[in-house]
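In this note's numbering, the protein residues as written are 16 to 268. Written out below as structure tokens is the structure these notes cover.
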């Protein structure tokens with residue numbers, strides 16, 4: 016009787032621990048349950064990256080039966096119910112996506128490394144919630160603390176945090192005015208070595224958007240040739256933002 020009781024306690028604690036594991040091992044192609052869904056599919060690579068209906072790549076993690084996706088400047092929340100994803104936040108609320116037996120790429124090579132990525136993204140989630148980096152930068156009382164914490168996550172290897180940190184440093188370096196109207200910057204200005212190093216660090220992390228943000232910085236400086244070079248590389252590596260930057264540059268000329 017005593018042995019059965021102890022076994023029951025151990026199983027209970029085991030279930031509680033497993034239910035709180037932060038991971039990103041969900042993998043495969045999830046098709047929208049209705050043609051009315053704004054996002055026709057989600058394709059997860061088992062390593063923290065998700066193709067969002069061919070519109071761009073996002074980051075994701077799971078905790079128990081919850082799935083969190085960062086598409087770009089927003090956030091999607093889902094409940095995992097077997098092979099079905101049920102949207103529970105804005106843009107995806109009350110919509111469903113069902114896993115299909117479609118052949119997809121599985122990028123999960125090292126479970127420990129993948130779980131560390133998920134854990135860092137969860138820390139980012141706890142820090143930011145549904146707010147954007149710019150929201151914190153405009154809040155005088157908390158921006159310094161936020162910047163420090165984002166910097167720590169970046170140094171731990173979270174690409175998304177590094178992208179936010181790049182944006183923060185860019186605002187500090189150039190001011191919002193230069194970012195809103197970069198076309199006024201006709202003369203090449205001296206580059207900020209810290210920003211250049213951070214942009215290259217993001218690229219080294221395997222983040223295609225590193226080419227996007229670094230190219231944007233050179234464009235702000237007035238070095239269009241370098242910007243185009245970086246955007247072309249980013250587009251070749253799958254960054255739709257880099258491709259869009261090139262398109263906007265072309266139609267603006």
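Where a beta carbon is used, it is the ideal one built from N, C-alpha and C, also for glycine. Predicted model, so just to flag it, every value in this text is computed and none were measured.
N- and C-terminal bounds of the beta strand (DSSP E) containing residue 54
No beta strand (DSSP E) contains residue 54, which DSSP labels as neither H nor E.
Where residue 252 and residue 224 are concerned, what is the direct C-alpha to C-alpha distance, given to the nearest angstrom?
9 Å
Three-way DSSP call (helix, strand, coil) for residue 218 in this model
helix
Let me make sure I understand the geometry here. Which of 96, 186, 128 has the alpha-carbon closest to that of residue 63?
128
Return helix, strand or coil for residue 118, following the three-state DSSP convention.
coil
Taking 8 Å as the cut-off, does the region 107-117 touch the region 91-98 (at least 3 CB pairs, one atom from each stretch)?
yes
Please classify residue 63: does DSSP put it in a helix, a strand, or coil?
Of the three classes helix, strand and coil, the one that applies to residue 63 here is coil, per DSSP.
Among all the DSSP beta bridges, which residues are the ones paired with residue 102?
By DSSP's assignment, residue 102 forms a beta bridge with 93.
Restricting to Cα atoms, I'd like to know which of 205, 206, 226 is closest to residue 214.
226
Answer yes or no: do residue 38 and residue 77 have a C-beta to C-beta separation smaller than 8 Å?
yes
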